[in-house]
Every structure is written in structure tokens, then in C-alpha cells.
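Participant: Please see the structure below; I have some questions.
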Amino acid sequence: MGTGSTAFAQRFARFDLVDASIVGRSFPPPAPFEVTEAALADFAGSLGQSYDGGPAPLTFPIVPAFAAMMEFLAAEEIDLSRVVHGEQRFSYERPVVVGDLLSVTLTVATLRQIGGNDIVGTTSAVTDADGALVCTGTATLVHRGVEEAER
Amino acid sequence: MSDFETRTYAVTRADLVAYAAASGDHNPIHQDEEVARSVGLPGVIAHGMFTLALVARYLGECGVATEDVAELGGKFVKPVVVPAEGAEVTMTGSARIDGDATVVAVEVLCEGAKVFGPRGAQARLRA
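Residue numbers (our numbering), protein chains in the order written: chain B, 1 to 151; chain P, 152 to 278.
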């Protein structure tokens, strides 16, 4: 970082940075996601596997969690193509099974701005039809700034 | 510390298209070379979650039951670039005892580089 005036100029050039006021905000969950055998078969099939009954693949909760993230991106007018996934963790209360009706509440936990990029930390609580926690997903999303990408 | 067998998985752009449809993640950086390059990436890259899903597949193939996994995750430190001719990822798991739980670390290599850092993707099993 250079002089104050350079920083000032960069600040004004960074029109697409995420606003810091989003930290702590939760986004209303999209419509509940019904886990069907067909959805699990498609998911497993795309990984070269076949779904043979039983619990859903471990990373399947990303499907409703991604839908929740899209709501967040839309609300913040963030272009998905500028987002890369930095980190993802799941903590499981129980496996996902066919018939589950999953709701996801995404909360923006942290925001750092480094080198013209936004580093957004999110927490997604995945709950079932009874409101019981199924799993928690924590993600780090890297939103690549315009100048950074086009430099 | 005990090692699991090393396995190699092919990744094609057709796999990424199928994963996009199955997961709802239609980010064009996983399908369109031009868009990927326009945002500063070296080319089409696999979804981080595609690779983590392959880690879950690997764990299953090594005998880890889904119900026994308490936590799964990883830090994506290097994208899996998938050229038109496809890519390969190689996975090697190793188990260690951490407190009262077993943790399986899976090192994932693509073109000789670690995809997950610093110690691979990690699965913590229920005690």
C-alpha cells in the first residue's frame, strides 16, 4: 500500500467490495429442500458412483447450502463467477437421508478485505423439518475484485 | 499413524458439467475456459466441492462409513485445473489418533501439487 492518496484512489476504484455491515447478518432460508433418491443418484453419479440406498454422500448438504449462498450473493449483488471457494468444513449431527426436508440459514460470520479481494466467512445451519440441526457448514468464500482479476 | 491405499481419479469437464447439474453450482469458471481466464484463473477448474466430494468417495472406498464421520473439511489451496483432455487427482489417506477420536488426513495431489493444505482434507471420526 502506498501513500494516503493512493489508498484513497484505490478505495474509490474498489466499487465492488462487499460492505462490512453484512457481518453478523443472517439471510432468510430459501424454500426447504427435499432430499429425494433421484437427487442422491444424480449427485453420486456425477462423482462416478452409484447411489445404493443409505445415507447421502457426506458433502451432499452443500446442495441446499449452495442455494442459500446464492440468496446471499443475490442480496449483495455479487457475481458468482468472481467467487472461488477457499475452505469448507462440515460438522455432522446425523447423516442426511432420503425424505429429509432441509432448511439452511446462512450467516455471514467474518469479512476481511485483502489485496482487493473480499474473504467472506459464512456459517450455514442445516436443519430438518422438526427444526433439529442436521449439520453445520462453514465456508470461506474469496470474492475476487475487478482490478485484481483484470490487472 | 496408518496409511490407506493410494487411489487415482480421473476428472473430466463432462464430470464437472454433471456435478454442476447435480449440485446446482453453475459457476461458469467450472465449465467455460474464457470466463475462467477472464477472472484470472489458469483455465477451467473443478469445483472445490467436487474434489471434496471425491475425498468423501475415497474415504468410503477405504472403508470409512458415512455415519462414523463427525467432521469433514479442507482448505482449497490449489485449484484442480481441468484441461479439455481431463486431469487426474491422486489421494492418499493416513489415520492418526487425536485425543479420543481418529482423524483421517487425505493428501490430494494434482500435477504433483497439494490441492488441500496444509495437511490435506481432514475427516474426524466419531469416538
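From the three backbone atoms N, C-alpha and C, an ideal C-beta is built for every residue, glycine too.
Owing to the predicted nature of the structure, the values given are computational and were not obtained by experimental measurement.
For chain B, find out if any of its Cβ atoms is closer than 8 Å to the Cβ of P/R279; answer yes or no.
Facilitator: Lying before the first or after the last residue shown, residue 279 of chain P is absent from chain P, which here runs from 152 to 278.
Participant: Please determine, among B/T127, B/I22, B/A129 and B/V146, the residue with the shortest C-alpha to C-alpha distance to B/L73.
Facilitator: Position 73 of the first sequence holds residue 73 of chain B. Per the Cα distances, B/I22.
Participant: Can you tell me whether B/V146 is helix, strand or coil according to DSSP?
Facilitator: Along the first sequence, read from residue 1 onward, the residue named residue 146 of chain B stands at position 146. Looking at B/V146 - three-state DSSP - the assignment turns out to be helix.
Participant: Locate the beta strand (DSSP E) running through B/L47, then write down its first and last residues.
Facilitator: Here residue 47 of chain B corresponds to residue number 47 of the first sequence, with the count starting at 1. Looking at the DSSP string, B/L47 is not in any beta strand (DSSP E), and its letter there is neither H nor E.
Participant: Hey, does B/Y92 have any beta-carbon neighbour from chain P nearer than 8 Å?
Facilitator: On the first sequence, position 92 is the one that residue 92 of chain B refers to. At least one chain P Cβ lies under 8 Å of B/Y92.
Participant: Could you tell me which of P/N178, P/A197, P/E218 and P/T253 sits nearest to P/G244, measuring between CA atoms?
Facilitator: One-based indexing of the second sequence puts residue 244 of chain P at position 93. Minimum Cα distance to P/G244 is reached at P/T253.
Participant: Per the DSSP calculation, B/Y92 is bridged to which residue(s)?
Facilitator: As a first step, residue 92 of chain B must be located in the first sequence, where it is residue number 92. DSSP output for B/Y92 lists B/C135 as bridge partner(s).
Participant: With 16 as the cutoff for other CB atoms within 10 Å, does B/P57 come out buried or exposed?
Facilitator: Your numbering for residue 57 of chain B matches position 57 in the first sequence. Burial call: buried.
Participant: Please classify B/L133: is it buried, with 16 or more other beta-carbons within 10 angstroms of its beta-carbon, or exposed?
Facilitator: As a position in the first sequence, residue 133 of chain B is number 133, starting the count at 1. Burial call: exposed.
Participant: Could you tell me the boundaries of the beta strand (DSSP E) in which P/L142 lies?
Facilitator: This structure gives no information on residue 142 of chain P, because the portion of chain P shown stretches from 152 to 278.
Participant: Taking the alpha carbon of B/Q88 as the reference point, which residue from P/H198, P/G175 and P/V162 has its own alpha carbon closest?
Facilitator: Against the first sequence, residue 88 of chain B aligns to sequence position 88. For B/Q88, the nearest C-alpha among the options comes from P/H198.
Participant: Taking C-beta to C-beta, are P/T241 and P/T157 nearer than 8 Å?
Facilitator: For the purposes of this step, residue 241 of chain P is taken as the residue at position 90 of the second sequence. For the purposes of this step, residue 157 of chain P is taken as the residue at position 6 of the second sequence. Cβ distance < 8 Å, so P/T241 and P/T157 count as in contact.
Participant: Whole angstroms is fine: what's the gap from P/G268's alpha carbon to B/H85's?
Facilitator: Against the second sequence, residue 268 of chain P aligns to sequence position 117. Against the first sequence, residue 85 of chain B aligns to sequence position 85. Straight-line Cα distance between these residues: approximately 13 Å.
Participant: From B/I119, B/V96 and B/L141, pick the residue whose C-alpha is nearest to that of B/P61; which is it?
Facilitator: For this step, residue 61 of chain B is matched to residue 61 along the first sequence. Nearest option by C-alpha distance: B/V96.
Participant: Restricting to runs no shorter than 4 residues, where is the alpha helix (DSSP H) found entirely within the stretch 20-82 of chain B?
Facilitator: The qualifying runs are 37-46 and 62-75.
Participant: Using a C-beta cutoff of 8 Å, does P/G224 count as contacting chain B?
Facilitator: In the second sequence, counting from the first residue as 1, residue 224 of chain P sits at position 73. For P/G224, the answer is yes, since a Cβ of chain B falls inside 8 Å of its Cβ.
Participant: Do you know offhand how far B/R82's Cα is from P/N178's?
Facilitator: For the purposes of this step, residue 82 of chain B is taken as the residue at position 82 of the first sequence. For the purposes of this step, residue 178 of chain P is taken as the residue at position 27 of the second sequence. Looking at the two C-alpha atoms, the distance is approximately 9 Å.
Participant: With 8 Å as the threshold, decide whether the Cβ of P/E218 is near any Cβ in chain B.
Facilitator: Position 67 of the second sequence, counting from 1, holds the residue named residue 218 of chain P. Yes, P/E218 counts as interfacial toward chain B.
Participant: State the Cα-Cα distance for the pair P/G250 and P/A221, rounded to the nearest angstrom.
Facilitator: By one-based count along the second sequence, residue 250 of chain P stands at place 99. By one-based count along the second sequence, residue 221 of chain P stands at place 70. Taking the straight line from one Cα to the other gives about 14 Å.
Participant: Below 7 Å CB to CB, which residues in the same chain sit around B/R94 once its five sequence neighbours on both sides are set aside?
Facilitator: By 1-based counting over the first sequence, the position of residue 94 of chain B is 94. Taken in chain order, the residues that qualify are V134.
Participant: Return the residue from the list P/V215, P/A187 and P/V186 that minimises the CA-CA distance to P/V255.
Facilitator: One-based indexing of the second sequence puts residue 255 of chain P at position 104. Of the candidates P/V215, P/A187 and P/V186, the one whose C-alpha sits nearest the C-alpha of P/V255 is P/V215.
Participant: Would you tell me roughly how many angstroms separate the C-alpha atoms of B/R144 and B/V108, rounded to the nearest one?
Facilitator: The count along the first sequence starts at 1 and reaches residue 144 of chain B at position 144. The count along the first sequence starts at 1 and reaches residue 108 of chain B at position 108. Looking at the two C-alpha atoms, the distance is approximately 17 Å.
Participant: Grab the span of the beta strand (DSSP E) containing P/F227 for me, first residue to last.
Facilitator: As a working note, residue 227 of chain P is residue 76 in the second sequence. Where P/F227 is concerned, the enclosing beta strand (DSSP E) stretches over V220 to F227.
Participant: Please confirm if B/E77 has its CB atom under 8 Å from at least one CB of chain P.
Facilitator: As a working note, residue 77 of chain B is residue 77 in the first sequence. Closer than 8 Å: no.
Participant: Tell me whether P/L210 sits in a helix, a strand or coil according to DSSP, three-state version.
Facilitator: To locate residue 210 of chain P, count along the second sequence from 1; it is residue 59. Correct three-state label for P/L210: helix.
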